[in-house]
Structures are given as structure tokens and as C-alpha cells.
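Protein chains in written order, with our numbering: chain P, 359 to 517; chain W, 2 to 656.
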Amino acid sequence: MEFLNSISGYALGLLGAGIAAFMAGIGSAKGTGIAGEAGAGLVSEDPSKFGKAMILQVIPGTQGLYGFVIWFLAYSKLAAVGDAVTVAQGMQVLAACLPIGFGGLLSGIAQGKVAAASINILAKKPDDWSKGMILCITVEFYAILSLLASFMMLNAIAL
Amino acid sequence: MAILQMKRLRLMILRSKKEALLQELTKRGCVQLTELDEEARELLRPAGSELMALKSEQAAYEKALALLGRYAPAKSPLLSAKPELPENSFLEKEGEESLALARKIADADERIRHIAAEESRRRGVIESLQPWLALDLPLETAGTERAALVFGTLPLKGGLAPAEQALAEAVEEAELFPVSQDKKEQYVLLLCTKEYLPAAQEALRGQGFNAVSFGGLTGTAKEAELRECKALEELAAEKAALAEEIKSEAGHRDELKLACDRLNTRVGMAEAEEHLAESDSVIFLEGWMPAEKEEELAGLFAAYDCAWECEDPSEEEYAQVPVKLRNNKFSNALNMVTDMYSLPAYGSVDANPIMAPFFILFYGLMMADMGYGLIMIAAALVAMKKIKPRGGTLAFCQLLLYGGISTFIMGALTGGFFGNAPEIIAGMFGSSWKGLPHLFSPVEDSNMVLYGAMVLGVLHLNTGMAVSFVQKCRKGDVAGALFEEGSQWIILVGGVMLALQMLVFKTNGTLHTVGLAVLIAGAVLLLFGSTRGAKGIGKLTAPFGCIYNTLTGWFGDILSYSRIMALMLAGGVVAQVFNTIAAMPSKNGVTIASGIAFILIFLIGHALNFALNLLGCFVHDLRLQCLEFFGKFYQDGGKPFEPMKVRTKYINPEE
């Protein structure tokens, strides 16, 4: 306890906010990266498909956004109180930030793989590319659930 | 509003009248030809068609149009309707001139590609001449009467000395002359007497010497380079002329489009003709037509002196009957959903009219924002007015319109207008106004929304069960309907009674007893029902399977409707966060810069959130319909009705 006190609740809370932003960010970065590589391969063959390839590439970008949303909420909540945040409160914020951190990280990568595979659809059956988009959105739901879990927990914490 | 009734058509016509009849049928677009049955095939021979030839012609037009698009892109407004022409104009034969034109464009492109290959070859030659430019010796020089001359390269490493030494050791009368060098190699001339040439080359090979040949180039390197450059210029000029030639045909674009669509239609007719059978004097055809068209077609067949008959399909034939749905304006929007999933089997129920209100309600609940709703309504109306969509695109626009209306209404109920934008904007100007009034808010009343979503789910699922109940009764399987759907309803009634007693009245003992009794009665009925179809040991195991399936099925299905609440909440939260971030620069009063920042962040953020929700809500609504709802009653596997008709890509037939 002594140790935690020396760190301060504020710092623990900030750690949580940071986790939400950077882990979800990594997820999106990897996801858009995987999809982007596949997209670049296709565009080198057929530049006219750039627009559609880009849409598929940005789909795994939302996890980072969700992480950022939670970071923003947590940070503004913590900053309003500053050093007066207790260790217990700091830990609560940290816990509330975990769902979108992990959910965003893993769903972003998974969605990136689906997006890359959907770019194959775009290459081989261009008329059916929107179906690839639908396959991607299925993965999105779990990022949304993670966002909601984090959001509702954050909302319930009184600072 | 239903699946159209189909009839099987058998028809015989004189060969001479075949072409005219097929054209009439194509124009009416209401007969789908099928393979003949065994019996007929033994008596008649298959009638050939010009399918392959027509397909290659059509490909030529497609290619010419694609090339015109590349060399002379047409400037067309972003949203524009396809031009329209009377149906008859698609049935006319195409003239020779437009085919010749299409082939000419393709040939010109072929020549351009050929030139491009030639150009890159010549550029390679120029590249290879660079090291020898300093040499004023004709490239074809092979030596004199007694001396041999060889052009070659040596690795740069170590300079010329090791090679010279190796050469001197091997033969006496030989010498290397350096010409030039680049980053990797040095370029040299080897001069020696003819009889020593093999020995000299052998000695140098150890030093990495490679002889260079110029493949028939003559004159000095400089002269050769000049010649190549000149040839390149000529090729470039020819290429430009050819491109100009293609461009000059851009005026015939519409002509080619019409030709292409005519061919499209004729390919469709030829594909149908493949199904025909013939004898020396008559043509025999078999197919499906909607029963409602019988009268109209009877007149046509009489006019062409056909011998024909038509009959309702038997129950066994249902699997082969093609399915066409007839929908009104409202349920037509849902065609997109059934098409994406699978058409209903012939003889089952068209789900569109039942699904439509639920689909549109759920969509509105998930999106729930007045601002987003208005954008959807506007986009749908503009698209309908400008591009005059048909078929699938029309269904999409209608769905967007109804979804938008529903989204707007739900947004009004939850007080959402681009999230909480009114409140935030008022706050920027120092007002403490609490935002638009609302009946309930997804953030504050999330529990209520969650329970509401599940209640809607129960309603939705029960509607599906009711459809299944009616369907079973109609087929005469009343017992099945009672044991499966009926027993579940009894359990539901008992469950509701128990829940009421526990949550609302709390003390009423009678209701508890009655509810429990009803529930148990329902469960017994369900269990008994599950053993009906089972045999032997199955009679014992079936009830366990039934309990498991019913319990997990219902739990899973109903919990699945929580996604309505999740999406409603998520869309609202993300919108709110963007609004808050956008308003941050204006914390200490609104300036021009902070105003611009607000508008920028607001636009980007909401564009993102809108696009994501538009798609996300559709996908999750689709899932609720196709998985949970359809699971209760839907029989899929219908094959779409594909009649011979005017098929077009670039021009619409007039309606």
C-alpha cells in the first residue's frame, strides 16, 4: 500500500488512460498495416481500385479511435481532480480502461486480416467487394463492446 | 407481397416464326426457358445458337468502350441517370459499321502496346551503347585479315593490370585497350592475332572477361545511338497519332454503348435458345411463366399459331420452380436483404412484408440521431431523383430513405442531433442550456434501453414463430404447430405470470401457482412433442436435446438483441466525444480560429461516425433478421426467376 501511495492514484489513472490509447492504437496500426500492404499490392496491378482498397484499409482504424475516446474521457476526468485522486480511484480508472486496451489491440489485428482477405475479393470479384466490408464489420462489434464496457465503467466511477 | 405463382409452359412453333416469337418474349420479359425433359430430348435434337460468336462480338464492344474510357475519358456528372430508349431498339440487329469501329479501336490499342514494347527494347539498346560512345570504331569491326578484335567487359576490381598480366603469360601478340568504365565494370577492346584468339580468350575468361556483341548494329556507337534515338522519336509520333485516332472516335461512344446493350440482349436470347429443341419443321420449348401472365401470353401464342399448354407445378417439382417476389413500395426495400441471404423456397412464405417494419424500426433504434437521419433522407431523395435507380439500386435507396425516417424519429425520442451538438454549441456561447428534450437517453437510461431491446426481441421472435405456426397449420401439420410453437407459447405465458408475480405483485400466491402450473404444462407438451418424430432409443434422448436446444436457443436469441442497445449507445458516445473535442479550443470564448477548428473536427468526426454506423447498423440489423428471425420459420433455397428479357448495362429501356 505504501508503495502504491508513493506512485499516487493520479499516476495509476493516467497509466490506465495511456493503456487504452496505445494498445488500441497498436491494434489499429497493425490492422491498417496488414490491410494496407494487401491494398498496395492490388493497386500496383489496378490503380483504379485505390478508392475501394482504401476504404477496406481504414476499417481496422476505428479501434485506435475508440481507444482515444476512452483515453480522452479518462484523462479529462483525472485532470479535473489532479493529485487528489486516491489510489483506489486510480485503480478503478485503470481497470475501466483495460477492456478497450485489450479488445482494441486484438480486434484491430483480427479485423486487419479480414480486411486484407477482403482486398482479395476486390481483386477477383470486384462486384462483391461490399460483402468483404460486411465481413469486416462483424469483427468491429467486439471493439464496440469493449468500448462500451470501458465507457460504462468509467461513467460509474465518481472522482 | 408474396411469392408469384408459376406455371410450367410447353410450346411448339414453326421454325420460321421462332425468331419473332423469341423477340416478343424477350420484350415482355416473363418466360424463363429450361432444359427439356428426357422424353422430349430423345425425340428432338437440340437447336444450336450463335452464342459463342455473339459473346465475342459483345466482348469487342466492351473492350472498345473501355479503351475509349482510357484514351478519352468522358466527363459525366457525378450523379446522373442512364439514358433511356424504347425497348424495341434493343432488339434490332447491330450494323456492321459499329463492329468495324470497335475492332478498329482495339487494333489501334494493340499497335500502341506493340510500339511500347518496341520502345523499351530500343531504350535498352541505347543503354548498352553508353560505354562505347567514346570509341570511333564501327561496332561491326571483327578485325583485319590477320588480327582479331573483340569488344568485352572486365570486372572493375583490381583495374586492368591483372588481366593484362594473365594475357601476356598466355599469348605473345595480344593487347587490351581500355575504353571506359562505370560503377561495376570496365569496357575494353581485345586485339590479337587470329590464331591466338582462343588462347587469349581462355586466359581472360579466368579474369572475368565477357565478350559483348551488338546484335547487328553498324557504324560507330555514336551513329548507332543517333539512329536509335531517331527511331524512338518516330515511334513516339506514331503512338501519339494512334492515341489521337482513338480519341477522335469518342463521338461514337453512345453508338457503341447501344450496340453493346443490343448484344447483351441477344446474348441473353442465345443463351435461352440453347435450351430449345427442334425437328425439321418445328421448335419445341419448355419453361416457366408467372400464372398471372397466362392471359396475355395466350393472345401472343395464338397470334403466332403456337401449340401450347401450361400447368401448375406439382409438389415434387417445387424445388425446380424459380421464385419471383412481388412487393409493394414499402416491402420492396427489403428485397436487398432477401437477395443477400437467399430467396424463399417456392411454396413457402415471402418474409419481406413481415420483416420490413422490424428491420426499419431496429435500424432507427441503433442509429437514433436526428442529424444522421436527415442526411440519410436527403441522400436517398437526391439519389432517387438524379439517378432514377431501378432494381437493386432502387431497393437500396428506399431502404436508406425508410431507415433515415426511422433514425430521425428515434433521434427525436432520444434527443440526439449529431450527438449532443446543440448543447455543446450553446455551451460554447456561454449558455447553460441542457440540450434537446428527450423521452429517454441511451447514456442515462441504458438499463431501460437494454430491457426494451430484449422485449422487442421477444416480440420479433414470436412473430417469426407465428408465421411458422400458420405455415404448419396450412400444410395440415396442426399437431406439429401445437407441439412446437404452441408449447413454447404456453411456457412463455407461464413465465410471464411468474415474472409478474415476483417483480410486480410480490405477494399474490395464486398467480405464482397458476403460472408455475402453466409453465410445467407447456414444458411437458414440448417434451412430449419432441419424442414424436424420434424412434427407439431416440425417444429417451430427444427430450434432453430439446430442453438444451430450447433453453440455449432462447437465451442466445434474446440476448443477441442487446446489440440494439450497444450500437445505439456506442454511436451516441462517439458523437458526444467528438463534439466535446471540437468545442475544446473554444473553452475561453469563441474566436474565428476556434470556430474553424470546431467545424473541421466536427465534420471529420461525424463523417467517420456516420459512415461506420451506417454500415454497422445495417450489418447487425441484417444479422438479427437473418439469424434470429429467419431461424424461426424461413425456408430458403429459392432459385431466382431469370426470364429472357432486354438486358442492358449502359442504357435503360423505357418503362
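The C-beta atom is built at its ideal place from N, Cα and C for all residues, glycine as well.
Practice task
Ignore the nearest five residues each way along the sequence and tell me which others in Ile284/W's own chain have a CB closer than 8 Å to its CB.
Solution key: Met13, Ile14, Leu15, Arg16, Lys19, Ala48, Leu277, Ala278
Problem - Proximity test, Cβ basis, 8 Å: Phe509/P and chain W - result: yes
Practice task
Could you spell out the range, first to last residue, of the beta strand (DSSP E) harbouring Trp289/W?
Solution key: 283 to 291
Practice task
Keeping to the same chain, check which residues put their C-beta closer than 6 Å to that of Leu5/W; ignore five residues upstream and five downstream.
Solution key: Pro291, Lys325, Arg327
Exercise for the section: Name, please, each residue of chain W whose Cβ falls closer than 7 Å to the Cβ of Glu498/P. Expected result: Gly617
Practice task
Please decide whether Val427/P counts as near chain W, where near means a Cβ-Cβ distance under 8 Å.
Solution key: With 8 Å as the cut-off, Val427/P counts as an interface residue toward chain W.
Problem - Pairwise C-alpha distance: Asp486/P and Gly405/W - result: The straight-line gap from Cα to Cα measures roughly 25 Å.
Handout entry: Reduced DSSP category for Ile502/P - H, G, I as helix; E, B as strand; rest coil
Key = helix
Problem - Contact with chain P by His253/W, beta-carbon distance below 8 Å - result: Interface flag for His253/W against chain P is unset, since no Cβ pair is found closer than 8 Å.
Handout entry: Proximal residues, the segment 582 to 594 of chain W versus chain P, C-beta separation under 7 Å
Key = Ile582
Handout entry: With 16 other Cβ atoms within 10 Å as the buried cut-off, status of Asp306/W
Key = exposed
Practice task
Note down, in chain order, every chain W residue with its Cβ under 7 Å from the Cβ of Phe430/P.
Solution key: Val578, Ile582
Handout entry: Residue-level contact to chain C via CB, Val151/W, 8 Å cutoff
Key = Given the protein chain composition of this structure (P and W), no chain C is represented.
Exercise for the section: Return the chain-ordered list of same chain residues with a C-beta closer than 7 Å to the C-beta of Ser508/P, the five sequence neighbours on each side being excluded. Expected result: The residues are Ala378, Ile428, Ala454, Cys455, Pro457, Ile458.
Exercise for the section: Establish whether the CB of Thr420/P and some CB of chain W are separated by less than 8 Å. Expected result: yes
Practice task
Determine the direct distance from the alpha carbon of Ala379/W to that of Thr415/W, and round the result to whole angstroms.
Solution key: 21 Å
Exercise for the section: Please state whether DSSP places Glu36/W in a helix, a strand or coil. Expected result: coil
Problem - Cα-Cα separation between Ala473/P and Val620/W, rounded to whole angstroms - result: 16 Å
Practice task
Taking C-beta pairs closer than 7 Å, name the residues in chain P that Val575/W reaches, listed in chain order.
Solution key: Scanning chain P for C-beta atoms nearer than 7 Å to the C-beta of Val575/W yields Val427, reported in chain order.
Handout entry: First and last residue of the uninterrupted beta strand (DSSP E) at Leu15/W
Key = 7 to 15
Practice task
Assign Thr553/W to buried or exposed, taking buried as 16 or more other Cβ atoms, counted over all protein chains shown, within 10 Å of its Cβ.
Solution key: exposed
Problem - Within-8 Å CB hit, Leu400/P to chain W - result: no
Practice task
Please decide whether Ala381/W counts as near chain P, where near means a Cβ-Cβ distance under 8 Å.
Solution key: no
Exercise for the section: Report the partner residues of Pro47/W according to the DSSP bridge assignment. Expected result: Ala278/W
Exercise for the section: Quickly, what does DSSP pair Leu86/W with across the bridge? List them, please. Expected result: Pro654/W
Problem - Cutoff 8 Å; reference Ala522/W; Cβ partners in own chain excluding five residues on either side - result: Ile491, Gly495, listed in sequence order.
Practice task
Spell out the partners DSSP gives Trp309/W in its beta bridges.
Solution key: Leu12/W
Practice task
Compare the beta carbon distance of Ser407/W and Ile376/W with 8 Å and say whether it is the shorter of the two.
Solution key: no
Problem - Where Val479/W falls, given that 16 or more other Cβ within 10 Å makes a residue buried - result: exposed
Exercise for the section: Have a look at Pro132/W and Ala608/W and give me their C-alpha separation to the nearest angstrom. Expected result: 58 Å
Problem - Contact set for Arg206/W: own chain, Cβ-Cβ below 7 Å, skip 5 residues either direction - result: none
Practice task
Please say whether Phe152/W and Leu190/W have beta carbons closer to each other than 8 Å?
Solution key: Yes. Within cutoff.
Handout entry: Anticipated Cβ contact below 8 Å, Val447/P with Leu517/P, distance rounded
Key = It is worth fixing the name first, because residue 447/P is Gln in this sequence and not Val. Confirmed, Cβ separation roughly 6 Å.
Exercise for the section: Please classify Ala101/W: is it buried, with 16 or more other beta-carbons within 10 angstroms of its beta-carbon, or exposed? Expected result: exposed
Practice task
Might you give, ordered along the chain, the residues of its own chain that have their beta carbon closer than 7 Å to the beta carbon of Gly160/W, omitting 5 neighbours on each side?
Solution key: none
Problem - Interface flag, Leu568/W vs chain P, CB-CB below 8 Å - result: yes
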